[in-house]
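Everything on this sheet refers to the single structure shown next.
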Ligand SMILES: [Zn+2]
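In my numbering, the protein residues as written are 1112 to 1332.
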């Protein structure tokens, strides 16, 4: 069987979507790319999360041909592959309809940097891309056009797509986008949050991305 480790990583990240409350029924998917072969491992279409196994993940090439798998690949496969083709830095992708983030997507609103947590993880406004139809590469094209430097994008009237240098990093961005969307939604009930200024955004992003969790992290930070 091809790509056993990547199958396991993609399966495990798919399992994390219901665990973190980011998906309902069969919605949502995770994929990962193998550097050596260029193949993409992705969730099969239409299976419940509890029925997923590392073995029934689907392996496709960058033309969306199924290389290994008995199920069809996720209906978002063409869009995942489109992003991998055009972003060599992206090795993992996650898609969800997580409720709070998708509420912003429903009304076509980005999430500005109102919180240090948004600066830390995203380093910029979480953008909202335009509406794109499901099934082909249109979502991938709109992700590429609108995501900028953010690891996450809201897709209008649809949901969340995240990208990462690893499958786990894309998963973390999907968890964090829902977490900050929930906090911002709550904040908007009681007042109008202010955006952090660019200096603070950059300082928080730099600290979190380079020093957080390392031996060099200052106790004063
Ligand atoms: Zn979707």
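C-beta: ideal position from N, C-alpha, C; glycine also.
Bear in mind the structure is a predicted one, so any value in this text is a computation, not a measurement.
(request) From the DSSP output, in three-state form, read off residue 1240 for me. (result) As a first step, residue 1240 must be located in the chain shown, where it is residue number 129. Residue state, collapsed to three classes: strand.
(message) Am I right that residue 1199 and residue 1180 are in contact with their C-beta atoms under 8 Å? What's the rounded C-beta distance?
(response) The residue given as residue 1199 occupies position 88 in the chain shown. The residue given as residue 1180 occupies position 69 in the chain shown. Going by Cβ atoms, the distance from residue 1199 to residue 1180 rounds to 24 Å, so no, they are not a contact pair.
(message) With H, G and I counted as helix, E and B as strand and the rest as coil, what does DSSP make of residue 1210?
(response) Translated into the one-based positions of the chain shown, residue 1210 becomes position 99. Looking at residue 1210 - three-state DSSP - the assignment turns out to be helix.
(message) Tell me the rounded alpha-carbon separation between residue 1147 and residue 1171.
(response) Start at 1 with the first residue of the chain shown, and residue 1147 comes out as number 36. Start at 1 with the first residue of the chain shown, and residue 1171 comes out as number 60. C-alpha separation (whole angstroms): 14 Å.
(message) Just to confirm the assignment, what range does the alpha helix (DSSP H) spanning residue 1194 have?
(response) As a working note, residue 1194 is residue 83 in the chain shown. Element bounds for residue 1194: 1188–1197.
(request) Would you tell me roughly how many angstroms separate the C-alpha atoms of residue 1193 and residue 1120, rounded to the nearest one? (result) Locating residue 1193 in the chain shown gives position 82, counting from the first residue. Locating residue 1120 in the chain shown gives position 9, counting from the first residue. If I take the Cα positions, the gap works out to 21 Å.
(message) Between 1247, 1125 and 1158, which has its C-alpha nearest residue 1282's C-alpha?
(response) One-based indexing of the chain shown puts residue 1282 at position 171. Considering only alpha carbons, the answer is 1125.
(request) Please list, in chain order, all residues of the same chain as residue 1211 whose beta carbon is under 7 Å from its beta carbon, the five residues on each side excluded. (result) Stepping through the chain shown from its first residue, residue 1211 is reached at position 100. Within the same chain, residue 1211 has close Cβ partners 1289, 1292, 1293 and 1296.
(request) Rounded to whole angstroms, what's the CA-CA distance from residue 1175 to residue 1232? Just pull it up for me. (result) Position 64 of the chain shown, counting from 1, holds the residue named residue 1175. Position 121 of the chain shown, counting from 1, holds the residue named residue 1232. Distance between the alpha carbons of residue 1175 and residue 1232 is about 31 Å.
(message) Within 8 Å, do at least three Cβ pairs link the region 1251–1270 to the region 1301–1311?
(response) no
(request) Look up residue 1167 in the DSSP assignment and say whether it is helix, strand or coil. (result) Taking the first residue of the chain shown as 1, we reach residue 1167 at position 56. Looking at residue 1167 - three-state DSSP - the assignment turns out to be coil, as it is neither helix nor strand.
(request) Indicate, with yes or no, if ligand 1 has a heavy atom lying under 7 Å from the CB of residue 1191. (result) Along the chain shown, read from residue 1 onward, the residue named residue 1191 stands at position 80. Result no, Cβ not under 7 Å from ligand 1.
(message) Rounding to the nearest angstrom, what Cα-Cα distance links residue 1135 and residue 1322 in this structure?
(response) As a first step, residue 1135 is located in the chain shown; it is residue number 24 there, counting from the start. As a first step, residue 1322 is located in the chain shown; it is residue number 211 there, counting from the start. Approximately 35 Å between the Cα atoms of the pair.
(message) On the CB-based measure, 16 or more other CB atoms within 10 Å of its CB, does residue 1245 come out buried or exposed?
(response) By 1-based counting over the chain shown, the position of residue 1245 is 134. So residue 1245 counts as exposed.
(request) Apply the 10 Å Cβ neighbour rule to residue 1130 and answer buried if 16 or more other Cβ atoms are within range, or exposed otherwise. (result) For the purposes of this step, residue 1130 is identified with residue 19 of the chain shown, where counting begins at 1. Exposed.
(request) Under the assumption that residue 1160 contacts residue 1204 (Cβ atoms under 8 Å), give the Cβ distance between them as a whole number of angstroms. (result) On the chain shown, residue 1160 is found 49 positions in, with the first residue counted as 1. On the chain shown, residue 1204 is found 93 positions in, with the first residue counted as 1. Not a contact, Cβ separation roughly 17 Å.
(message) Does the distance between the C-beta of residue 1182 and the nearest non-hydrogen atom of ligand 1 fall short of 7 Å?
(response) Numbered from 1 along the chain shown, position 71 holds the residue referred to as residue 1182. Outside the cutoff, so no.
(request) Sort 1239, 1139 and 1195 by Cα distance to residue 1223 and report the nearest one. (result) Within the chain shown, the letter at position 112 stands for residue 1223. Nearest option by C-alpha distance: 1239.
(message) For residue 1245, report the span of its alpha helix (DSSP H) as first-last.
(response) Along the chain shown, read from residue 1 onward, the residue named residue 1245 stands at position 134. Unbroken run through residue 1245: none, as it is neither H nor E.
(message) Please state the DSSP three-state secondary structure of residue 1314.
(response) Here residue 1314 refers to the residue found at position 203 when the chain shown is read from its first residue. The answer is helix: DSSP assigns residue 1314 an H, G or I state.
(message) My assumption, with CB atoms under 8 Å, is that residue 1334 sits in contact with residue 1302. Please give the rounded CB distance.
(response) Since the first and last residues shown for the chain are 1112 and 1332, residue 1334 lies out of range.
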